[in-house]
Structures are given as C-alpha cells and as structure tokens.
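Counted from 1, the sequence shown has number 260 at position 277 by this note's numbering; the numbering is strictly sequential.
Working notes, structure below.
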Amino acid sequence: MSSRQPPSAEADFTPRRVETLRASFQEKMRQKGSRRPGRSGGSRAEVRFLEMVHGPHPEVDRLNDRFLPGAPRLKATVDVLGFESHTDGVPPTLVSHLLEIFPNLERHRCCGGDIQGTLFRRWRQSGSILPPGDRGLDFCHLLEHLALELTRGMVPAAPCAGITCAHREPAHRFDLFLECEDARVGAAALRCAAHVLLALVHPGQVPAGAFRFAETARYFLGRPRSLLNPGEVLAALQGDPSQLQGALRFLAAAGFLAEDRFTADLGETILYRYRLAPGIPPLPISLPL
Ligand SMILES: [Zn+2]
C-alpha cells in the first residue's frame, strides 16, 4: 500500500574453489563504482537507505488494516533519486520481467484491491507519463511489495504487511514500514528488492542471483552460527552455481551476510566464507552498489 500521508559446479564452485587476487581487485573496483549514479548529474536511478528503526511504530497502525497491532515493524527512510529526470520512464517490460522472477507478486493485495488493478496497471500503462513526484512514489511502492515478497520467501510463516509513506519535503524521501520480527530480514529484503528493481530499470536485466536471494537468506537464518563456504551452501541448496554465488555476493555486499576472506597458496588465492550478520549494517547505503 502507499500513502501520501506523512507518518508521523561445479568446477568453479567447490569448497576448494579459489578466486584470484585479480578477480578480487576487479570486484572491489566494481563495488567502489567508477560511476556514482545520481551524484554526477546522470539520469541513473539511485536508492539511498538513510535510516532504519525497528519497533512497533503505532503511528502506522491505521494505515493498513493487515497490520497486526503491536507487531514489530522495520521503518526504513529512503531517498529515491533519478526518476525526476527519467523522461523515458521505466521500461514497459519491467512488470512482466518482475513477475517472471516473483510470480507470487500477482497475488498481493494493494490499496483495497489487487495489485494488478492498482499498482501494476499504472506501471504498465504510464511509467513514462506519471508526474515526476509520483514516479518516485510508485517506485517506492513497488519496492515495498517486492520487499514483502522477499520477506515471505525468507521467513515463510511470518505475517507480512507494509505501507509506503511519502514525505512532503523533500519529495524524493519516503518511509517504508515492513512488518517483520527480525530487522535483518526486512533490511535485507529491502536491499534485495532495490537491487532487483534498479537492475530492471537499467540495464533492464535481472541481476545475478535474484532468483535465489530469499532462499539463500532463509538458509542462513536457519543456521545463525554457521560459517559456511560457497561449496557447502551449494551442496545444500543445489542449482546453478553462478546464480547462487551471485546471491551470496549480493547478500554480503548488502550487509545481510558477513564475509570472511582468507588467503591460500602463499597469497595467490582468496577463499570466502559467509555467516549471518549479527544486526543491521551501518547506514547510509546507496544502491546500485
Ligand atoms: Zn500496495
């Protein structure tokens, strides 16, 4: 829901797999980013997570009748930048691509109706002609629904509801509220959702590992004290190693997993191990990474 009311393999993926220092350096450079969308006057969309607070947030009780009174919610204050100058709007294929990855999104309820008749209809018909202020709100609203879907994938039995509220000033700032017992789940779901949506807007492709974000996060949530290498995770979850590696890397870059690196072969190679992070990572964080 949204509101304008201010709230208040195998060969390269075994446990012995090594990654070269060159690859590590390239990854670091990629993460540092030679381009910083939204900061250099470019038109690339950017999402900045400014603050996250976990608590009951009773101020939004009345904004969604699916909220459970007293249940903990994650409030995320987010800046959505770059949509004002997106004269082309978003790709008309965004919703169909999204539904290929997350088909259960079609079942979401939204603003008193179903999501097809409300939010998706707006995106399919008018991504490019929405007023600039509403483009950001609609993006954030879609971010909320995708984060809820990812939350459900990470903790399937958990209740799941959310609300998106726009600040009056600045117009690109929003507060998203997600019901979640574990703040790490809501925070990871929001970051994964932003990563997927930004990649679908530009370059218009599904990011590596997106199909497996929730499943991989769920696996680590069930093993909060385990330190696991990629091969061990692959042995348990199976599937395409490169997709799983993409999920592990993004979950680590987004702060849901802590990544341990250590060298082998006289420093020629770097090995990785992952464990569940103890809490929400430091903010602010901007995406794309
Ligand atoms: Zn909605």
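For glycine and all other residues, C-beta sits at the position ideal for the given N, C-alpha and C.
Less than 6 Å between the CB of residue i and some heavy atom of ligand 1, yes or no?
{"i": "C93", "result": "yes"}
What's the C-alpha gap between residue i and residue j?
{"i": "D248", "j": "Q221", "result": "28 Å"}
{"i": "P190", "j": "L173", "result": "15 Å"}
{"i": "Q226", "j": "L120", "result": "31 Å"}
{"i": "L303", "j": "L33", "result": "Within the shown structure, residues of the chain are numbered from -16 to 272, placing residue 303 beyond reach of any answer."}
{"i": "V78", "j": "R208", "result": "37 Å"}
{"i": "Q99", "j": "T252", "result": "49 Å"}
{"i": "F50", "j": "D44", "result": "6 Å"}
{"i": "A141", "j": "C163", "result": "7 Å"}
{"i": "D48", "j": "P41", "result": "12 Å"}
{"i": "F157", "j": "A218", "result": "40 Å"}
{"i": "G250", "j": "P213", "result": "19 Å"}
{"i": "A154", "j": "T147", "result": "13 Å"}
{"i": "V185", "j": "R258", "result": "Note that residue 185 is His in the sequence shown here, rather than Val. Each residue's alpha carbon lies about 30 Å from the other."}
{"i": "E152", "j": "I263", "result": "26 Å"}
{"i": "A149", "j": "M137", "result": "27 Å"}
{"i": "G95", "j": "L180", "result": "24 Å"}
Taking DSSP as the reference, what is the three-state secondary structure of residue i?
{"i": "S269", "result": "strand"}
{"i": "E215", "result": "helix"}
{"i": "H37", "result": "strand"}
{"i": "R276", "result": "Nothing can be reported for residue 276: it is not among the residues displayed for the chain, which extend from -16 to 272."}
{"i": "C148", "result": "strand"}
{"i": "T76", "result": "coil"}
{"i": "G169", "result": "helix"}
{"i": "G24", "result": "Note that G24 scores a pLDDT of 42, beneath 50, so its modelled location is shaky and nothing firm can be said."}
Since residue i contacts residue j with CB under 8 Å, what's their CB separation in whole angstroms?
{"i": "G145", "j": "F122", "result": "At roughly 15 Å, the Cβ-Cβ gap does not stay under 8 Å, so G145 and F122 are not in contact."}
{"i": "F233", "j": "F196", "result": "7 Å"}
{"i": "L88", "j": "L57", "result": "About 20 Å; that fails the 8 Å criterion."}
{"i": "D243", "j": "L210", "result": "7 Å"}
{"i": "P39", "j": "G53", "result": "6 Å"}
{"i": "A170", "j": "M35", "result": "6 Å"}
{"i": "E132", "j": "F194", "result": "Going by Cβ atoms, the distance from E132 to F194 rounds to 13 Å, so no, they are not a contact pair."}
Counting only beta-carbon atoms, is residue i nearer than 7 Å to chain C?
{"i": "A247", "result": "The chain labelled as chain C is not found in the depicted structure, where only one protein chain is given."}
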